[in-house]
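Structure, as structure tokens:
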Amino acid sequence: MNILSPSILAADFWKLGEQIKEVEEAGAQYLHIDVMDGRFVPSISFGMPIIASIRKQTDIFFDVHIMIEEPERYAAEFVKCGADMVTFHIEATKDANKVIQCIRDAGAKVGISIKPGTPVEVLEPYIDKVDMVLVMTVEPGFGGQKYMDICTEKICKTRSMIQERGLNVDVQVDGGITVDNVHVVLEAGANVVVAGSAVFKEPITENVKRFLEIMV
Ligand code: DX5
Ligand code: ZN
Numbered sequence: 231m232n233i234l235s236p237s238i239l240a241a242d243f244w245k246l247g248e249q250i251k252e253v254e255e256a257g258a259q260y261l262h263i264d265v266m267d268g269r270f271v272p273s274i275s276f277g278m279p280i281i282a283s284i285r286k287q288t289d290i291f292f293d294v295h296i297m298i299e300e301p302e303r304y305a306a307e308f309v310k311c312g313a314d315m316v317t318f319h320i321e322a323t324k325d326a327n328k329v330i331q332c333i334r335d336a337g338a339k340v341g342i343s344i345k346p347g348t349p350v351e352v353l354e355p356y357i358d359k360v361d362m363v364l365v366m367t368v369e370p371g372f373g374g375q376k377y378m379d380i381c382t383e384k385i386c387k388t389r390s391m392i393q394e395r396g397l398n399v400d401v402q403v404d405g406g407i408t409v410d411n412v413h414v415v416l417e418a419g420a421n422v423v424v425a426g427s428a429v430f431k432e433p434i435t436e437n438v439k440r441f442l443e444i445m446v
């Protein structure tokens, strides 16, 4: 099944609750929550208090993407404040197995992510230990960037790696996805689509519905 995961990085934080309800009611299955530390990526977004606060108001699946150095330090805490899945960057840690274990022990699903410049092959030792691979389709750090075409082949390679091993692992894409190029990532083998600006630029309900129609 294909899943849409709107990224609240592009939301209007004045209306955050309202807008989360809107994407949920329009049919989005996940909510993508981008945590940035100002070190792994140049920008800083938000953290635990925001996640804990919205967790009290909605049951939607929290897909938490942590763009932070040494994710092992915080992974479990994100689960405690409401993450259903925590996706970390392989480039940000010396011990990916430890991060995977931390997230699992805390009771959430595990995602592992690669930046555009990181080869798919680095995933090999971990691919059978995670629930999802996130193939970044822009340099992580900011919303509203353009989809990098060189990433399409990486999506294909990731899907093949999963299929060759007979695994049931989701492939997520994140960055620059719109209703005009979403077919490209689906054809390449992605089944979880993150979209920030393309969803939260009004009209939100219509945007979600258009994505979902295309993604059937
Ligand atoms: C970028 C974030 C993305 C971002 C996507 O570092 O990981 O989730 O919100 O935004 P758009 O869809 O606008 O490229
Ligand atoms: Zn993200």
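Each residue of the sequence shown is one higher than the one before, starting from 231 at the first, in my numbering. For every residue, glycine included, the Cβ atom is placed at its ideal position computed from N, Cα and C.
> Which value, in whole angstroms, describes the spacing of the CA atoms of G406 and C332?
Replying inline: 30 Å
> At a cut-off of 7 Å, is P370 close to the ligand DX5 when judged by its beta-carbon and the heavy atoms of the ligand?
Replying inline: Checking every heavy atom of the ligand DX5 against the Cβ of P370, one is found closer than 7 Å.
>> If contacts are defined as beta-carbon pairs under 8 Å, then H262 and I290 qualify, I think. What distance do you get, rounded to the angstrom?
In response: Actually they do not touch by this definition, with Cβ atoms about 11 Å apart.
>> Quick check: the Cα distance between V368 and N421, rounded to an integer number of angstroms?
In response: Here the C-alpha atom of V368 lies approximately 17 Å from the C-alpha atom of N421.
> If you follow the alpha helix (DSSP H) that A258 is part of, which residue opens it and which one closes it?
Replying inline: No alpha helix (DSSP H) holds A258; DSSP gives it neither H nor E.
> Listed by chain order, which residues have C-beta atoms less than 5 Å from any heavy atom of the ligand ZN?
Replying inline: D264, H295 and D404
> Considering only residues of the region 301 to 370, which uninterrupted beta strand (DSSP E) runs meet the minimum length of 3 residues and lie entirely inside it, listed in chain order?
Replying inline: 315 to 319, 339 to 344 and 362 to 366
> Comparing alpha-carbon positions, which option in I281, D264 and R303 lies nearest I497?
Replying inline: Because the chain here runs from 231 to 446, residue 497 falls outside it and cannot be looked at.
> If we count the other Cβ atoms within 10 Å of its Cβ and call it buried at 16 or more, is N327 buried or exposed?
Replying inline: N327 should be labelled exposed.
> Can you list the alpha helix (DSSP H) stretches of 4 or more residues lying completely in the region 405 to 433, in chain order?
Replying inline: 412 to 418 and 427 to 430
> How about H262: is its Cβ closer than 7 Å to a heavy atom in the ligand DX5?
Replying inline: Yes, Cβ of H262 sits closer than 7 Å to a heavy atom of the ligand DX5.
>> Classify L397: buried if its beta carbon has 16 or more other beta carbons within 10 angstroms, exposed otherwise.
In response: exposed
> Roughly how many angstroms lie between the CA atoms of I320 and F430, to the nearest whole one?
Replying inline: Rounded to whole angstroms, I320 to F430 spans 28 Å at the Cα level.
>> Need the endpoints of the beta strand (DSSP E) that S283 sits in, please.
In response: Annotation for S283: no beta strand (DSSP E) segment contains it, though the alpha helix (DSSP H) segment containing it runs M278 to R285.
> Using DSSP with H/G/I as helix, E/B as strand and the rest coil, what is I274?
Replying inline: The answer is strand: DSSP assigns I274 an E or B state.
> Since M231 is in the beta strand (DSSP E), which residue starts that stretch and which ends it?
Replying inline: Neither: M231 is in no beta strand (DSSP E) and is coded neither H nor E.
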